[in-house]
Amino acid sequence: MTSSPQPPHEPHPNHDRGLEFDLSTLMSRRSLGMFLGAGTAAALAACAPGASPGSASSSTAGAAGTAATPGPTAAASAPSASPTLTRAIAECGVEIPQETTGPYPGDGSNGPNVLAASGVVRQDITTSFGTSNTRADGVPLTVTLTLLDNASGCTPLAGAAVYAWHCDKDGKYSMYDAGLRNENYLRGVQEADANGQVTFRTVFPGAYSGRWPHIHFEVFESMDNATAAGQVLAVSQIALTDAACRDVYASAGYEASARNFPRTTLKSDNVFRDDGGIHQLATMTGSVSGGYTAGLNVTV
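Just so we're aligned: the sequence shown equals residues 4 to 303 in the numbering used here.
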């Protein structure tokens with residue numbers, strides 16, 4: 004795969020997790036201040052995000068996130084929230100940064116359009132659909148996004164739709180790269196439930212030159228808009244954690260990623276370098292043997 008010219012690569016620091024730790028510490032302090040001024044803690048239920056709580060963590064990353072609407076009224080009217088907070092509580096008023104779709108969106112904007120294909124609405128995106136049933140190999144990854152409506156006080160954005168896509172373990176994209184143009188795996192659409200949550204079952208993406216490991220997504224107002232490539236509410240990317248990437252890329256099948264990963268940091272990545280991915284760094288738990296979960300609150 005070729006990529007556009009990038010800034011000079013920085014050496015990957017031995018203690019790059021320090022950035023994630025610093026972000027966590029910073030946002031936790033902000034979170035505490037806002038929480039103490041918010042009133043009742045019950046209101047937090049309205050915005051609880053949804054990474055699966057079941058797997059033991061070998062690489063948990065604490066990163067900044069989004070906040071629930073303060074006040075008992077909002078809590079009383081909110082749908083039942085998922086039990087695990089995947090982000091800190093103080094950042095609901097900060098909308099997810101708008102980012103590029105990159106050169107391989109598959110949304111019709113530069114040619115290939117998976118959104119018009121029957122079968123794109125699915126939770127498990129590990130296989131191709133339509134004319135192929137090829138399965139992408141890799142360490143299992145479950146991604147949960149919680150969509151929050153900033154204009155209405157950070158209430159769940161039920162009924163919205165998310166299109167997610169990412170590269171395979173070798174850093175290649177279906178529908179675009181040589182040998183994969185007839186494949187459409189690692190792409191899919193989900194509709195947000197009453198909690199504003201969408202979940203995708205996929206595999207851990209690889210690392211390729213010039214980019215920090217990431218997952219692309221677009222948020223649409225409705226499922227109809229998504230499948231018709233209609234108006235987009237947000238375009239952004241999820242940054243995966245250093246700890247999870249190190250563990251996965253040391254495993255069999257990710258040899259190319261093991262070579263590429265040290266070449267780009269969150270601070271040098273051409274998308275996340277503006278703020279180190281502070282609003283896009285997922286909270287992750289899991290292991291190579293048991294698979295990983297990633298959660299992110301997405302305020303739009």
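Ideal Cβ positions, reconstructed from N, Cα and C, are used throughout, including at glycine.
Being a predicted model, the structure only gives us computed values, none of them experimental.
Less than 9 angstroms divides the Cβ of residue 169 from the Cβ of residue 208. By the criterion of at least three beta-carbon pairs nearer than 8 angstroms, the segment 144 to 162 is in contact with the segment 184 to 196. By the beta-carbon neighbour count (other beta carbons within 10 angstroms, threshold 16), residue 106 is exposed. For secondary structure counted as the beta strand (DSSP E) over 3 or more consecutive residues, the segment 159 to 219 holds these complete runs in sequence order: 164 to 168, 190 to 194, 200 to 206. In the DSSP assignment, residue 295 forms a beta bridge with 144, 289. Annotation: the continuous alpha helix (DSSP H) that includes residue 247 extends over 245 to 252.
As a beta-bridge residue in DSSP terms, residue 240 pairs with 219. By a beta-carbon distance limit of 8 angstroms, residue 110 does not contact residue 179. Their separation comes to about 12 angstroms. Residue burial annotation: residue 280 is buried, with at least 16 other C-beta atoms found within 10 angstroms of its C-beta. Around the CB of residue 198, 16 or more other CB atoms lie within 10 Å, so the residue is classed as buried. Three or more beta-carbon pairs separated by less than 8 angstroms are not found between the segment 222 to 229 and the segment 261 to 273, which leaves the two stretches without contact. The residues 109, 110, 232, in chain order, have a CB closer than 8 angstroms to that of residue 116 in the same chain once the five nearest residues on each side in sequence are set aside. In the structure shown, residue 152 adopts extended strand secondary structure according to DSSP, grouped into three states. Apart from sequence neighbours up to five positions away, the residues of its chain that approach residue 291 with a beta-carbon distance below 7 angstroms are 142, 250, 251, 254, ordered along the chain.
Judged by their CB atoms, residue 131 and residue 177 are nearer to each other than the 9 angstroms cut-off. Rounded to whole angstroms, the Cβ separation of residue 236 and residue 285 is 20 angstroms, and the two are not in contact under 8 angstroms. Closest in alpha carbon position to residue 157, among 245, 97, 139, is 97.
Taking the CA atoms as reference points, residue 276 sits about 6 angstroms from residue 269. For the 9 angstroms CB-CB criterion, residue 172 and residue 127 do not form a contact. According to the DSSP assignment, residue 260 belongs to the alpha helix (DSSP H) that extends over 258 to 263. Taking the Cα of residue 137 as reference, the smallest distance to any Cα among 153, 144, 190, 150 is reached at 190. With a contact defined as Cβ atoms closer than 8 angstroms, residue 147 and residue 219 miss out at about 16 angstroms. Contact between residue 114 and residue 122 is absent: CB atoms are separated by about 19 angstroms, not below the 8 angstroms threshold.
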